[in-house]
Structures are given as C-alpha cells and as structure tokens.
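Going by the working numbering, the residue at position 86 of the sequence shown is 87; the numbering climbs one at a time, nothing skipped. Beta carbons are placed, not taken as given, at the ideal position from N, Cα and C, and that holds for glycine. Contents: one structure, followed by commentary.
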Amino acid sequence: MNKLMFEAMVIDPRYKLKYLTYCLSNVYESDVVKDVVENVKIYLYRLFDFYKSQHNPSTQIGHSTDDFKQSNNVTMEVENDEEIDP
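Okay, structure coming up:
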C-alpha cells in the first residue's frame, strides 16, 4: 500500500477522505480502512502544521497600492542622452 498516493488523492479537490474510505472498503477490512484513513488524517494535519510554521502569520499576503508604488521605484542612469533623444 502506497500511503503517499492516498494523501495525494485526499489533497486533490476531486476526491476527499470519504472517497478514500469508500475505495479502501471495497478492498480491505474495516479495521484496516480505519487505520489507514486515520494515518492519512494525521499525516495531513502534520503537513499543514509544517506549512503553517514556515509562514509567519503576521506576514501580509497582499500589499496596499502605496506600498507597491514605494517599493517599485526604479532609478535609471543614462550614459548618453543622444542615443535616446536624436
């Protein structure tokens, strides 16, 4: 059993834990299904916690327009104006 495939299937928006449970119940006994589904849940919670710990909650996702304008000021030096203005 490749548990990584189960986790990938649950992350896929088309399939969820109920579908995983359904598929496994057609092949395995209910005790095995419960164990696998529980392990997948634990893994996904741990994965989420890891991603959450990597991103500071105080970090803003979006920026205001003023912040964007200030951070995108570009200074250009022109060596020879004659090449630009004939």
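Does residue i come out as helix, strand or coil in the three-state DSSP assignment?
| i | result |
| --- | --- |
| methionine 2 | coil |
| valine 28 | coil |
| asparagine 73 | Reliability of the predicted coordinates at asparagine 73 is poor, the pLDDT of 46 falling under 50, and the value obtained from them is presented with this limitation in mind. The answer is coil: DSSP assigns asparagine 73 none of H, G, I, E or B. |
| tyrosine 23 | helix |
Cα separation between residue i and residue j?
| i | j | result |
| --- | --- | --- |
| lysine 35 | leucine 45 | 15 Å |
| tyrosine 29 | aspartate 50 | 30 Å |
| leucine 21 | valine 11 | 7 Å |
| serine 31 | methionine 2 | 15 Å |
| leucine 48 | aspartate 13 | 15 Å |
Are the beta-carbon atoms belonging to residue i and residue j less than 8 Å from one another?
| i | j | result |
| --- | --- | --- |
| glutamate 8 | valine 33 | no |
| leucine 18 | valine 37 | no |
Would you call residue i buried or exposed, if buried means 16 or more other Cβ atoms sit within 10 Å of its Cβ?
| i | result |
| --- | --- |
| leucine 5 | exposed |
| asparagine 25 | Note that residue 25 is leucine in the sequence shown here, rather than asparagine. Counting Cβ neighbours within 10 Å, leucine 25 comes out buried, since at least 16 surround it. |
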